[in-house]
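Chains as they are written, first to last, in my numbering: chain D, 1 to 660; chain C, 1001 to 1523. Notes for the one structure printed next.
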Amino acid sequence: MITNAILILLLPLAAFVVQISFGKRLPRKGDWLSTGAMFIALFMALSILVDAISTYESNKVLAAQTWEWFSFGSVHVTFGIVIDNLTAFMLFVVTLISALVHLYSIGYMHGDPRYSRYFAYLGLFSFSMLGLVLVDNFLGIYVFWELVGLSSYLLIGFWFEKDSASNAGKKAFITNRIGDVGMFAAIMILFSTFGTFDFDGVFAGVAAGGLSDGWLTAAGILLFFGAIGKSAQFPLHVWLPDAMEGPTPVSALIHAATMVAAGVYMVGRTFVLYSADALFFIAVIGTITAFMAATIAIVQKDIKRVLAYSTISQLGYMMVGLGTGGYTAGLMHLTTHAMFKALLFLGSGSVIHAVHSQEMDDMGGLRKKMPITFWTFLIATLALSGVPPLSGFFSKDAILASALEYGMRHSGQMWIFVIMLLSAGITAFYMFRLVYMTFFGEPADKKKYDHAHESPLTMTLPLMILAVFSIGTFSWGWFEHLISKPSLAAYGAVAAVAEHGGGHDDVAHTAHTIAMISSIVVALSGILLATTVYYWKKISAETWGSRLKPLYNLLWNKYYFDELYAATIISGTLWKSRFLAMFDLRVIDGVVNGVGRLTAGLSNVSGKVDLRVVDGLVNLVGRIVAYAGARLRTLQTGNVQSYLLMALFAVIILFVIQQF
Amino acid sequence: MDNVLSWITFLPVVGILAILFVPKDNKNTVRIIAAVFTGLQLVLAVWIYRNFDSSTSAIQFSEQYKWIPSFNIDYFMGIDGLSVPMVLLTAFLSFICIFASWGIEKSVKGYFAMFLLLDAGMMGVFCSLDFFLFYIFWEVMLLPMYFLIGIWGSPSRTEEDGMVRGGPYAAIKFFLYTLFGSIFMLIAMLVFYFNVSDPVTGGHTFNMLHLMDQANHGGVLKDFDVRLLIYAALFLGFAIKVPVFPFHTWLPDAHVEAPTAVSVILAGVLLKMGTYGMLRISFPMLPDAMKWKYFAYGLAILGMINILYGALCAMAQKDLKKLVAYSSISHMGIVLLGMSGLTSLGMNGAVMQMFNHGTGTAMLFLLVGVIYDRAHHRQIDGFGGLAVRMPIFAAMMSLAFFAGLGLPGLSSFISEAFSFLGAFGSETFDLRLITVVSTIGIIITAGYFLWTFQRMFLGELNPKYAELPEINGRELFTLVPIGILVIVLGVYPAPLLDLIKTSLNELVEVVKAAEAPTMLGLH
């Protein structure tokens, strides 16, 4: 199994290396090579998943192996692979969607001048993402975490001639880095305490009480910062909508199904680490994110942006699931969401491919022209809206139940459930709004409509496969059995903290029943409202939009986050950098040059002093001598009589002096 | 091989002699001679790498001869795990820089002679174990560097504010600034000389191994206040070289005005002499002074300032070469921070960072040279969309940029990460806080590198550069080996780490064992 896992990891890497080196020269620019590699990886992942399911043991570690990477003498840094049930599911999800996206891209990216480069980047991404789910330690997860960020950067900015695309790539990378710094700080805390990066080693250390509550909570929250960035949680969610500048299959793979879910996966993987306070923090952030993004999605007109905000919102759901103790619920939503959201994005790509526009105002009535796209899209929409018995219903219901249970056990925390329930209604509403605006009604743009056609089989086949998975392959019971909530007790904690109960007591049961009924009710209400507004057109969206103008503007402008950040953090940093550069040039270097000038000035003065005073004195002496000489020269007449006369005078003077 | 260190140090000098006999017009002969001698030097470096025993922290390949017996000055060469990576780096970059200098046409003989002299000086600094000899080599480097920047750098020009900048200005600034620092080093050296006694003869000594042994310290060196002063004097000498804020302003000038190959050497090798000096001289000779609270935290705080200040200054630069220069200040801050924690991880991380910054920044300066040779300017905003026209150049640049911003899989990630981890692991809360604040630098670094990349390479192609030729074979020959090293050491850093860790772990133990007595009422 380890060999399989390594092959799964290396196949896309090999595809990347081949494509980036000489993909252009391969027949068909090598698309078959990348796609083939991914499908082989998919079958290997499938075999691992089958193993996991047929073993049918909770949180079973199927295989693990560790190699030494490098060593500092006493500290050994290892690289290791661990395959448990969670990994098995993640491997399957990632390879499935990656393989389907590869296949889909053959049609979608046809004729692009950098076709082989595109497949190379997809390979790099798949490698990084698979590494992220396979690796068994914090340093490794950080490495792959950054590498998925790199491939995301490369793919968002794939059409880099467009400024909007290159801006979006840069924004994604830097925003993610902000979260990553928090994550790195958490790793520093954990590593400096336990001396190891291994998940098991760290968890064992935590179980043994190696970290005080304060540090543990700090580590948990800081670690979650990484997830805030990668999983586009409030307040770092701003990069994800812009990331839609990338090719649509990329949005499906990276910015809907897999990479953005890495944050959720990471929290799930390190779940036992989080203290109750840290979990509460996660739940709060998730709640804010889910609601905020859902409301923004109501008013957006770009089909991909609606889906992007929907993704943010659903990631918030997963976080709420984890934060309220619904470990299985959060991770199940990760897998179900991956299927139907990838389907939605690929479906929207099919639509965009047909009408050459992302604006829903340009669409309408497309269901007749694109039946496969329409029906698969509708299935995914129903799943996302939480309509039973589709997959999304089970997972979302489980999250709501978890939130409700949390509210019932913690006084004053019922608001999380209420907001999440409300957001579920909004989700159904905006999704059906999207469906009606795109596929129903009259074509908004006749020319575009006439031009539209169903996509080729390479694009519709992935839609159909994903539709099957969206309908419901994962039923709750056995998923919960396979991936059940881990506890510190497994790592040797003396007293397992039974914070949220075992799950099957009365409170849990009541919560589940209430959540199920209410979630069906709100989903159907949301759909009904959307139908009234956008299908029957009994209520005018325009009228209500203008009536609630301030609210509409607020949502249309996405709560002004971008403007806020531009005005504070971005311009603040730029201002600081310009100020410091000026300070450096004028003040620090100014002092250096000042010292230089001062020295030069002093030397100038001393030079002058030397010239005028010291040398002046020397010259003065010389001049005096010369002057005296000139004067005394006149005495030298050569006349013997006058010499004798002077001698006589001298004798007289000496004589006189002697008398005194 | 006997006397390998003398060979590796003085091979370039032999090269100079050979060059002097070549007629002035045979420019290519001169270039080839320089390439051959630095190539032989590189071969020796590889030999040293293969024969170096990394399992011991002892001095290896040592050579000791009486030089000036009346003053007990020896010709004493030897290397350990701290010097080996620097020797390798020097040989490697010197060889590459010969090819980066191929296009120099102005008095070729003089240029390559100066370059080889510089090479010899650098190698000597990293190999010498006699303080006096070390000082001689340290000063020997100044002279060729002065001429290389002054004569082959950019010509003098008057800037808007009336400042005269350019090669000659930068050369003088570099020369005087470094000389200023070395005076303090000279004072410290003489204090050591007169207060440390040779355990065998009892006389004065410059032997570094004797100077490191605290048992030999006597006279005023028994006085902790004096030790602090000496440490400060040494620190000043080394800090200017690193350069540590606020002694760094010679660097942007020197780096920007120097010809490409000299910038590579400046940033790739010369800056490391500052931190090398601290690790070779300050730390082991005055471990207690280093551990004095204000010096230990001071080092970490200066590291933090370098990281953040350098990164923010880099972000504001319009000239690409200046941006790279400021990024060096930022990256050298990580070395200081890593050293300050006095942990095995931090110390090893710091020395790895010295090496990895050497290779990474060399790539950056070489790439700046490539674009400058074509466009004849370096204004970041003056380009745009170059990735369309020069995809290979863009790929090399992105490799260098991502190495600079510490992307995992590229060499500087490991060294940066472990410098931070090491400083954080020192378990004093203040140092942890300083480390966490410093990590903000990695966001800013990502910001300025990506922003620069976007402005130069992405977007629509600037029509002015529609005919710009792609990077050529000679340029790729200088870049690809470094690029391979950056990737290989990023994926598998063990070869570098294994080389240094025994010596550095030993150094950490020595410094850790020292106690800083309470003095000056400041504790």
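Beta carbons: idealized from backbone N, C-alpha and C, even for Gly.
- Message: 9 Å is my cut-off, CB to CB: does residue 166 of chain D come that close to chain C?
- Response: yes
- Please list the segments of the beta strand (DSSP E) lying wholly inside the region 1413-1500 of chain C, counting only runs of 3 or more residues, in order along the chain. none
- Query: If the cut is a Cβ gap below 8 Å, which residues of chain C does residue 75 of chain D touch?
  - Reply: 1344 and 1345
- Message: Taking 7 Å as the limit between beta carbons, can you name the residues of its chain near residue 470 of chain D, skipping five residues before and five after?
- Response: 339, 340, 343, 379, 380, 383, 390 and 391
- Query: Pairing CB atoms from the region 1251-1263 of chain C with CB atoms from the region 1209-1222 of chain C, are three or more of them under 8 Å?
  - Reply: no
- Query: How about residue 1325 of chain C and residue 1270 of chain C: are their beta carbons less than 9 Å apart?
  - Reply: no
- Message: Considering just the uninterrupted stretch of the beta strand (DSSP E) at residue 1160 of chain C, what are its terminal residues?
- Response: Where residue 1160 of chain C is concerned, there is no enclosing beta strand (DSSP E), given that its DSSP letter is neither H nor E.
- Query: So is residue 1578 of chain C in contact with chain D if we call contact Cβ pairs under 9 Å?
  - Reply: There is no way to answer for residue 1578 of chain C, as the model of chain C reaches only from 1001 to 1523.
- residue 976 of chain C: first and last residue of the uninterrupted beta strand (DSSP E) it sits in: With chain C represented from 1001 up to 1523, any question about residue 976 of chain C goes unanswered, as that position is not in the structure.
- Query: According to the Cβ coordinates, are residue 77 of chain D and residue 139 of chain D closer than 9 Å?
  - Reply: yes
- Cα separation between residue 1032 of chain C and residue 1099 of chain C? 9 Å
- Local conformation of residue 634 of chain D per DSSP, three classes: coil
- Message: When you compare the CB positions of residue 1452 of chain C and residue 1056 of chain C, do they come within less than 9 Å of one another, or not?
- Response: no
- Task: Let me know the alpha helix (DSSP H) ranges lying completely inside the region 554-610 of chain D, each 4 residues or longer, listed in chain order.
- Result: 561-565, 571-583 and 589-609
- the region 1162-1177 of chain C / the region 1217-1235 of chain C touching (three or more Cβ pairs under 8 Å): no
- Query: DSSP on residue 1104 of chain C, reduced to helix/strand/coil?
  - Reply: coil
- Message: Is residue 561 of chain D close to chain C? Criterion is C-beta to C-beta, closer than 9 Å.
- Response: no
- residue 63 of chain D, DSSP secondary structure in three states: strand
- Query: Does DSSP put residue 619 of chain D in a helix, a strand or coil?
  - Reply: helix
- Message: Using 9 Å as the threshold, is the C-beta distance between residue 93 of chain D and residue 256 of chain D below it?
- Response: no
- Message: Please give me, in chain order, every unbroken run of the alpha helix (DSSP H) with length at least 4 that falls completely inside the region 1203-1275 of chain C.
- Response: 1208-1212, 1224-1241, 1250-1257 and 1260-1265
- Anything in chain C within Cβ reach of residue 21 of chain D, meaning under 9 Å, just list it in chain order. Simply none; closest approach about 11 Å.
- Query: When burial is assigned at 16 or more other CB atoms within 10 Å of the CB, is residue 1454 of chain C buried or exposed?
  - Reply: buried
- Could you tell me whether any Cβ in chain D is nearer than 9 Å to the Cβ of residue 1071 of chain C? no
- Can you give me the Cβ contacts of residue 189 of chain D inside the same chain, cut-off strictly under 8 Å, excluding the 5 residues immediately before and after it? 211, 215, 218, 219 and 222
- Where does residue 1359 of chain C sit, in a helix, a strand or coil, going by DSSP? helix
- Query: How should residue 643 of chain D be labelled, buried or exposed, when 16 other C-beta atoms within 10 angstroms of its C-beta is the threshold for buried?
  - Reply: exposed
- Going straight from the alpha carbon of residue 361 of chain D to that of residue 375 of chain D, what length do you get? 21 Å
- Nonlocal neighbours in the same chain, by C-beta distance under 6 Å from residue 1073 of chain C, ignoring five residues either side: 1067, 1132 and 1206
- Task: With DSSP as the reference, label residue 442 of chain D as helix, strand or coil.
- Result: coil
- Item | Closer than 9 Å to chain C by CB, residue 589 of chain D | yes
- Whose Cβ in chain D lies nearer than 7 Å to the Cβ of residue 1309 of chain C? 580
- Task: Express the C-alpha separation of residue 1478 of chain C and residue 1484 of chain C in angstroms, rounding to a whole number.
- Result: 11 Å
- Cross-strand partners of residue 1065 of chain C (DSSP beta bridge): C/1075
- Query: At a CB-CB cut-off below 7 Å, which residues of chain C make contact with residue 576 of chain D?
  - Reply: 1312
- Spell out a yes or no on whether the region 543-557 of chain D and the region 1275-1283 of chain C are touching, meaning 3 or more CB-CB pairs, one atom from each, closer than 8 Å. no
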